[in-house]
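Trainee: Taken in sequence, the protein lines are chains A and B.
In this text, residue positions in the first sequence follow our numbering: the first is 59, and each later residue adds one.
In this text, residue positions in the second sequence follow our numbering: the first is -14, and each later residue adds one.
Supplied in structure tokens, the structure appears directly below.
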Amino acid sequence: GQQVMQIPQYQHVQEGEDFTTYCNSSTTLSNIQWYKQRPGGHPVFLIQLVKSGEVKKQKRLTFQFGEAKKNSSLHITATQTTDVGTYFCARPYRGTASKLTFGTGTRLQVTL
Amino acid sequence: NAGVTQTPKFRILKIGQSMTLQCTQDMNHNYMYWYRQDPGMGLKLIYYSVGAGITDKGEVPNGYNVSRSTTEDFPLRLELAAPSQTSVYFCASSYSTQNYGYTFGSGTRLTVV
């Protein structure tokens, strides 16, 4: 169905450690998007992945789309306190790319 | 560009009251959306619009209504507010069916007591 599971729900890391969140779907996805929401803020679009096996990088962030297009991951190298927030993946709602269903999110806490 | 503007930022309603959450965007986006986010949870789609005069229900439309008379504005109406509608409401817009990513407003924090 429309469920998008994200794991873990929460992760606490020391600054400088790496972090990965995973997004899993039971069905094949036409695309997947990632958003970041700072505490008390609104979601901000990070990236969209479309192709099977696609890998995109944004500075310390690496986004991957699985070969089967059923899962995706976001990896942050050497976390900083500015990375604190909740990371959401989002998939098309009922197969329509213009509407999104959001995952449950992974909350990242980074301490010095 | 202001992007997506939501008003008010905060509101407390009594059970049974009504209110309209305002949302306006100045990016000439055809697609607009309303989501609600309960504490510690993801976002649930309430209603969406693909253009002026066209609206449709999302995942959780009960207790809400919308209208889209112009490209810029997409107000969300709550009739007979209930405690279950306590949430943060986000309006968003996007450019096209290719969905280059949503632009979100800063949200309205609503408490129903």
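By construction, the Cβ of each residue, glycine as well, lies at the ideal position given by its N, Cα and C atoms.
Since we're looking at a predicted model, the values are computed, not measured.
How many angstroms separate the CA atom of G74 (chain A) from the CA atom of Y145 (chain A)?
Mentor: Position 16 of the first sequence, counted from the start, is the residue given in the question as residue 74 (chain A). Position 87 of the first sequence, counted from the start, is the residue given in the question as residue 145 (chain A). Spanning the two alpha carbons is a distance of roughly 18 Å.
Trainee: Residues in the same chain with beta-carbon distance under 7 Å from Q22 (chain B), minus the five sequence neighbours each way, listed in chain order, please.
Mentor: Your numbering for residue 22 (chain B) matches position 37 in the second sequence. Answer for Q22 (chain B): L28, S72, V73, F75, listed in chain order.
Trainee: What whole-angstrom Cβ distance do M(-14) (chain B) and M12 (chain B) have, given they're in contact under 8 Å?
Mentor: The residue you call residue -14 (chain B) lines up with position 1 of the second sequence. The residue you call residue 12 (chain B) lines up with position 27 of the second sequence. Residue -14 (chain B) is actually Asn in this sequence, not Met. Confirmed, about 6 Å.
Trainee: Name the chain A residues that come within less than 7 Å of L86 (chain B), Cβ to Cβ?
Mentor: Numbered from 1 along the second sequence, position 101 holds the residue referred to as residue 86 (chain B). Reading off the sequence, residue 86 (chain B) comes out as Gly, not Leu. Neighbours of G86 (chain B) on chain A, chain order: Q91, F103, Q106.
Trainee: Just to confirm, does Q106 (chain A) get its C-beta within under 7 Å of one of the non-hydrogen atoms of the ligand SAM?
Mentor: With respect to small molecules bound, the structure shown includes none, and the ligand SAM cannot be examined in it.
Trainee: In this structure, how does DSSP classify Q122 (chain A) when only helix, strand and coil are distinguished?
Mentor: Position 64 of the first sequence, counting from 1, holds the residue named residue 122 (chain A). Strand at Q122 (chain A).
Trainee: Quick one: Cα of R53 (chain B) to Cα of T9 (chain B), how far?
Mentor: Residue mapping note: residue 53 (chain B) aligns to position 68 of the second sequence, counting from 1. Residue mapping note: residue 9 (chain B) aligns to position 24 of the second sequence, counting from 1. Answer to the nearest angstrom: the Cα atoms are 10 Å apart.
Trainee: Kindly say whether H100 (chain A), judged by its beta-carbon, lies nearer than 8 Å to any beta-carbon of chain B.
Mentor: Counting from one through the first sequence, the residue named residue 100 (chain A) turns up at place 42. True, the Cβ-Cβ gap to chain B drops below 8 Å.
Trainee: Need the endpoints of the beta strand (DSSP E) that I39 (chain B) sits in, please.
Mentor: Counted from its first residue, the second sequence places residue 39 (chain B) at position 54. 39 to 42 is the extent of the beta strand (DSSP E) around I39 (chain B).
Trainee: To which residues of the same chain is T135 (chain A) closer than 6 Å at the C-beta, ignoring the five residues directly before and after it?
Mentor: Residue mapping note: residue 135 (chain A) aligns to position 77 of the first sequence, counting from 1. Counting only Cβ-Cβ distances below 6 Å, and skipping sequence neighbours, we find D76, R118.
Trainee: Kindly indicate which three-state DSSP category P101 (chain A) falls into: helix, strand or coil?
Mentor: Along the first sequence, read from residue 1 onward, the residue named residue 101 (chain A) stands at position 43. Residue state, collapsed to three classes: strand.
Trainee: List the residues that DSSP assigns as beta-bridge partners of R94 (chain B).
Mentor: Along the second sequence, read from residue 1 onward, the residue named residue 94 (chain B) stands at position 109. Paired residues: B:F(-5), B:V73.
Trainee: Return the first residue and the last residue of the beta strand (DSSP E) that I31 (chain B) is part of.
Mentor: What you label residue 31 (chain B) is simply residue 46 of the second sequence in a count that begins at 1. Its beta strand (DSSP E) spans residues 28 to 36.
Trainee: Measuring alpha carbon to alpha carbon, tell me which of A:H133, A:T169, A:D141, A:G99 ends up nearest V179 (chain A).
Mentor: Outside the modelled stretch of chain A, which goes from 59 to 170, sits residue 179 (chain A), for which no answer is possible.
Trainee: Of all Cβ atoms in chain E, is any one closer than 8 Å to the Cβ of G36 (chain B)?
Mentor: No chain E is present in this structure, whose protein chains are A and B.
Trainee: Between G163 (chain A) and A148 (chain A), which are expected to be in contact by the criterion C-beta below 8 Å, what is the C-beta distance as a whole number of angstroms?
Mentor: For this step, residue 163 (chain A) is matched to residue 105 along the first sequence. For this step, residue 148 (chain A) is matched to residue 90 along the first sequence. G163 (chain A) to A148 (chain A), Cβ: 10 Å. No contact.
Trainee: So, is F(-5) (chain B) buried or exposed, given that buried needs 16 or more other C-beta atoms within 10 angstroms?
Mentor: Here residue -5 (chain B) corresponds to residue number 10 of the second sequence, with the count starting at 1. By the neighbour-count rule (16 or more Cβ atoms within 10 Å), F(-5) (chain B) is not buried but exposed.
Trainee: Assign K94 (chain A) to one of two classes, buried (16 or more other C-beta atoms within 10 Å of its C-beta) or exposed (fewer than that).
Mentor: Translated into positions along the first sequence, residue 94 (chain A) becomes position 36. When all chains shown are included, K94 (chain A) counts as buried.
Trainee: Decide if I39 (chain B) is buried, meaning its Cβ has at least 16 other Cβ atoms within 10 Å, or exposed.
Mentor: Working through the second sequence from its first residue, we reach residue 39 (chain B) at position 54. So I39 (chain B) counts as exposed.
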